[in-house]
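Note sheet for the following structure.
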Ligand SMILES: [Fe+2]
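Numbering (the numbering used here), first residue to last: 106 to 390.
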């Protein structure tokens, strides 16, 4: 199984730069051309199959309409399974210059982005598309459609039963930064949505508890931990587990540790020019 991945594309910054301060609502066609061009670059250079998995690690942009366009284009042109998560930029309560209403709360902001998974254009695309927030996606060995579950209230036995035929499992979420002593909510990385260390720690703890429950329940199947923040931001003891593969972004410092299954080396960033997917393969059983 091949897992492609990319994080931190920051399309809004790129579009704003190209428009040189002209309000986006006056140039939506230009913005769409820019998004199309980045999608084409991103998917070029590989041939994909319906069994391939694409992991999108957050920070596409704070604006749903930009992200929605991006997800639609990717889903139209990638034949396999797409699993996206949100980044800290997706939860900025940022005034959209186009048509979107002002949204205040973290849960409403998250839901606004998650609603894209019900978008008709995305649903009718060839790709099997999911966005996860503190959720699990998995593929059973006898079918080729991803399932999504919320593990919060599931017991270890329920998790084991539900996931017993899965080929792989993806736990996805922002992760948050409660374990990072310097680059955290107090630095404004969530803008006004999360403003205190306490909230940041609580959100990180929620994600970490899901990770611990899942990895203690499932020890014999591959688990992909797709978090926007690196594991060290949300886990106080970030040691790797043998059946886990960790994909993250956010730091804009590209690092990879293949021996320990850490993949944070395709963070495009605000100025990166090399838009392409990287990948790793899971060993065949
Ligand atoms: Fe980020």
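In this text, a Cβ means the ideal position worked out from N, Cα and C, and glycines have one as well. In this text, all values refer to a predicted model and were calculated from it rather than measured experimentally.
If you ignore the 5 residues before and after residue 349, its C-beta comes within less than 7 Å of the C-beta of 320, 328, 330 and 366, all in its own chain and listed in chain order. Cβ-Cβ distances below 6 Å link residue 372 to 112, 113, 354, 357 and 359 in the same chain, with the five nearest sequence neighbours on each side left out; the list follows chain order.
If you compare the alpha carbons of 173, 332 and 232 with that of residue 238, the shortest gap goes to 332. Relative to residue 389, the option among 326, 235, 214 and 175 whose CA is nearest is 326. Distance between residue 301 and residue 261, taken at the CA atoms: about 32 Å.
Around the CB of residue 116, 16 or more other CB atoms lie within 10 Å, so the residue is classed as buried.
The beta carbon of residue 304 is closer than 7 Å to those of 290 in its chain, skipping five residues each way along the sequence.
Using a Cβ distance threshold of 7 Å, residue 106 and residue 387 count as a contacting pair.
It is roughly 26 Å from the alpha-carbon of residue 228 to the alpha-carbon of residue 385. With contacts defined as CB atoms closer than 7 Å, residue 241 and residue 276 qualify as a contacting pair. Summarising the contact set, residues whose Cβ lies nearer than 5 Å to any heavy atom of ligand 1 are, in chain order, 164, 192, 193 and 355. For residue 367, the enclosing beta strand (DSSP E) starts and ends at 367–369.
Residue 188 holds the alpha-carbon nearest to the alpha-carbon of residue 157 among 176, 188, 285 and 337.
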